[in-house]
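Student: Here the sequence shown stands for residues 4 to 368, numbered as in this note's numbering.
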Amino acid sequence: QRCPSTKVQPLTPMIFPHFEHSDIHPEIAGHRGAQAWTYSYSTTPNRRWHEARKWCHQHLTNMVTIQTPEETDFINNLLPFNQKYYWIGIHKVDGVWTREGNNETVLEDVQNWAPKEPDNIVGQDCVEIYIKRDKDTAKWNNEKCQSKKGTVCYSASCTQDSCSAHADCVETVGNYTCQCHPGFHGPRCEEAIACKPLLEPEQGSHYCFHPYGSNRFNSSCRFHCELGFRLLGSPQLLCQTSGHWNNPVPLCQVEQCPVLNHTNISGGGMNCSHPIAPYSYNSTCEVRCDEGYELSGGSQMRCEHTGRWTASVPACTSKHGTYGIYSPLLSMLYRIIHLCFRMWLHTCIYRCIYLYHKQQKNPHH
Ligand SMILES: [Ca+2]
Numbered sequence: 004q005r006c007p008s009t010k011v012q013p014l015t016p017m018i019f020p021h022f023e024h025s026d027i028h029p030e031i032a033g034h035r036g037a038q039a040w041t042y043s044y045s046t047t048p049n050r051r052w053h054e055a056r057k058w059c060h061q062h063l064t065n066m067v068t069i070q071t072p073e074e075t076d077f078i079n080n081l082l083p084f085n086q087k088y089y090w091i092g093i094h095k096v097d098g099v100w101t102r103e104g105n106n107e108t109v110l111e112d113v114q115n116w117a118p119k120e121p122d123n124i125v126g127q128d129c130v131e132i133y134i135k136r137d138k139d140t141a142k143w144n145n146e147k148c149q150s151k152k153g154t155v156c157y158s159a160s161c162t163q164d165s166c167s168a169h170a171d172c173v174e175t176v177g178n179y180t181c182q183c184h185p186g187f188h189g190p191r192c193e194e195a196i197a198c199k200p201l202l203e204p205e206q207g208s209h210y211c212f213h214p215y216g217s218n219r220f221n222s223s224c225r226f227h228c229e230l231g232f233r234l235l236g237s238p239q240l241l242c243q244t245s246g247h248w249n250n251p252v253p254l255c256q257v258e259q260c261p262v263l264n265h266t267n268i269s270g271g272g273m274n275c276s277h278p279i280a281p282y283s284y285n286s287t288c289e290v291r292c293d294e295g296y297e298l299s300g301g302s303q304m305r306c307e308h309t310g311r312w313t314a315s316v317p318a319c320t321s322k323h324g325t326y327g328i329y330s331p332l333l334s335m336l337y338r339i340i341h342l343c344f345r346m347w348l349h350t351c352i353y354r355c356i357y358l359y360h361k362q363q364k365n366p367h368h
């Protein structure tokens with residue numbers, strides 16, 4: 004048994020005004036692919052509403068349900084005039100105009116009835132569209148579902164490969180758009196948003212993990228400073244959906260040791276060298292004592308990476324004890340006294356000898 008042949012005519016894509024969607028990346032709103040989308044129609048024969056629906060399903064498509072005014076304009080341009088006009092996928096279910104397929108209620112503000120429609124004649128529960136009618140073109144009319152009209156079907160545009168894994172595919176009129184997940188862009192949302200490459204901090208380094216490419220969304224970088232340098236700022240940076248890093252690049256600041264006071268040392272002095280910065284990591288200081296003084300402790304101190312000196316500042320102490328400074332005077336005085344005493348002693352001795360001899364010569368005295 005042969006089935007009557009039916010005319011299935013896939014329509015070629017046409018340029019039509021795309022509509023703006025506030026959530027769509029500007030690059031994508033301007034993109035029109037030619038994949039996958041197809042409107043097909045059949046008017047030989049005209050069919051009852053339920054037959055038309057079945058015919059669409061057999062061709063793995065759905066009845067056109069008119070989602071937007073753009074879609075109305077589009078199919079009104081696309082379809083040829085048919086005396087009986089065309090069914091659309093809207094029918095009355097429990098008194099409510101409902102979309103075939105997803106059973107969505109057709110909201111009143113998108114209903115596009117011809118004047119004085121829909122009427123309340125019993126059984127007029129299916130909707131036709133006046134394609135290319137002179138009067139009320141592309142408007143809707145409710146009709147008896149048993150009437151025979153043209154069939155127009157629509158196949159979804161989104162396929163598995165339409166967009167990358169970082170997008171939701173959204174149906175539009177005769178096309179689709181890829182609605183990118185945060186952090187991605189490009190026609191198929193395949194490209195992660197880029198952040199500026201990071202500069203290595205002076206006296207530091209950084210290591211990054213790039214899940215979606217070098218310095219792109221969700222890249223994270225960790226910063227380290229060389230020995231003797233302290234990290235100022237956040238040690239970890241993350242490339243955000245905005246294309247900016249969440250923090251500025253941190254700095255590596257040299258470790259500081261307490262400043263040493265040169266004038267504090269009596270009986271000596273201090274010499275310092277500062278290869279990086281004053282009194283900071285790797286600075287060295289050396290204490291030298293004046294003549295007559297000696298160091299109590301090591302002469303050298305170095306600023307360590309911890310910010311501490313290797314030793315405390317040594318003191319210069321006198322080699323002659325506390326009163327050492329007066330010793331030359333005292334010894335001179337001692338010598339004078341000693342000399343005087345000896346002179347006095349000599350004088351006494353000579354005097355005694357003289358008096359003794361005198362007594363021997365003159366015994367009467
Ligand atoms: Ca009617």
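Yeah, the Cβ is synthetic: ideal placement off N, Cα and C, and Gly gets one too. Since we're looking at a predicted model, the values are computed, not measured.
Suppose you measure from the CA of asparagine 145 to the CA of lysine 152; what does that come to, to the nearest Å?
Tutor: 12 Å
Student: Got a sec: does ligand 1 put a non-hydrogen atom nearer than 6 Å to the Cβ of glutamine 149?
Tutor: no
Student: With a cut-off of 8 Å on the beta carbons, I'd call cysteine 198 and cysteine 242 a contact; round off their distance for me.
Tutor: 4 Å
Student: Counting only the same chain and skipping the five closest in sequence on each side, list residues whose C-beta sits under 6 Å from that of aspartate 373.
Tutor: What the structure shows of the chain is the stretch from 4 to 368, and residue 373 is not part of that stretch, so it cannot be assessed.
Student: Are leucine 254 and proline 204 touching if we call contact CB-CB under 7 Å?
Tutor: yes
Student: Is DSSP giving leucine 235 helix, strand or coil here?
Tutor: Here DSSP, grouped into helix, strand and coil, assigns leucine 235 to strand.
Student: Could you check the C-alpha separation between glycine 186 and cysteine 228 for me, to the nearest Å?
Tutor: 30 Å
Student: Does the count of Cβ pairs from the stretch 168–180 and the stretch 103–117 closer than 8 Å reach three?
Tutor: no
Student: Less than 6 Å between C-beta atoms, sequence neighbours within five positions excluded: which residues of the same chain meet that for proline 278?
Tutor: Same-chain partners within the cutoff: Asn285.
Student: Can you determine whether any heavy atom of ligand 1 sits closer than 6 Å to the C-beta of asparagine 145, and answer yes or no?
Tutor: yes
Student: Expressed to the nearest angstrom, what Euclidean distance is found between the alpha-carbon atoms of arginine 354 and lysine 361?
Tutor: Our two residues, arginine 354 and lysine 361, have alpha carbons roughly 11 Å apart in a direct line.
Student: Could you tell me if alanine 168 is buried or exposed, where buried requires 16 or more neighbouring beta carbons within 10 angstroms of its beta carbon?
Tutor: exposed
Student: Is glutamate 103 closer than 7 Å to valine 92 when the C-beta atoms are compared?
Tutor: For the record, residue 92 in the displayed sequence is glycine; it is not valine. It is a contact, given that the beta carbons lie within the stated cut-off.
Student: With a Cβ-Cβ cutoff of 7 Å, do threonine 287 and arginine 311 count as a contact?
Tutor: No, the Cβ-Cβ distance between threonine 287 and arginine 311 is not below 7 Å.
Student: Buried or exposed: where does glutamate 297 fall if 16 or more other Cβ atoms within 10 Å of its Cβ makes it buried?
Tutor: A residue is called buried when at least 16 other Cβ atoms come within 10 angstroms of its Cβ; glutamate 297 does not meet this threshold and is exposed.
Student: Could you spell out where the beta strand (DSSP E) holding tryptophan 100 opens and where it closes?
Tutor: Annotation: the continuous beta strand (DSSP E) that includes tryptophan 100 extends over 99–102.
Student: Assess contact between the stretch 313–322 and the stretch 331–347, defined as three or more Cβ pairs (one per stretch) separated by less than 8 Å. Is contact present?
Tutor: no
Student: Relative to the alpha-carbon of histidine 184, which residue among Gly207, Phe220, Thr162 and Tyr89 has its alpha-carbon at the smallest distance?
Tutor: Phe220
Student: Could you tell me the alpha carbon to alpha carbon distance between leucine 332 and cysteine 260, rounded to whole angstroms?
Tutor: Taking the straight line joining both Cα atoms gives about 44 Å.
Student: Could you check the C-alpha separation between asparagine 267 and serine 299 for me, to the nearest Å?
Tutor: 15 Å
Student: In angstroms, rounded to a whole number, what distance separates the CA positions of asparagine 49 and cysteine 166?
Tutor: 37 Å
Student: Tell me the rounded alpha-carbon separation between tyrosine 42 and tyrosine 157.
Tutor: 5 Å
Student: So the candidates are Leu63, Ser208 and Ile78; which of them puts its Cα closest to the Cα of isoleucine 69?
Tutor: Out of Leu63, Ser208 and Ile78, Ile78 has the C-alpha closest to the C-alpha of isoleucine 69.
Student: Can you list, in chain order, the residues of its chain with a C-beta nearer than 8 Å to that of leucine 263? Leave out the 5 residues immediately preceding and following it.
Tutor: Met273, Cys275, Tyr282, Cys288, Met304, Trp312 and Val316
Student: With a 10 Å radius around its C-beta and 16 neighbouring C-beta atoms as the bar for buried, classify serine 222 as buried or exposed.
Tutor: Per the 10 Å Cβ criterion, buried.
Student: Between which residues of its own chain and glycine 216 is the CB-CB distance below 7 Å, once the five residues before and five after are set aside?
Tutor: Ala195
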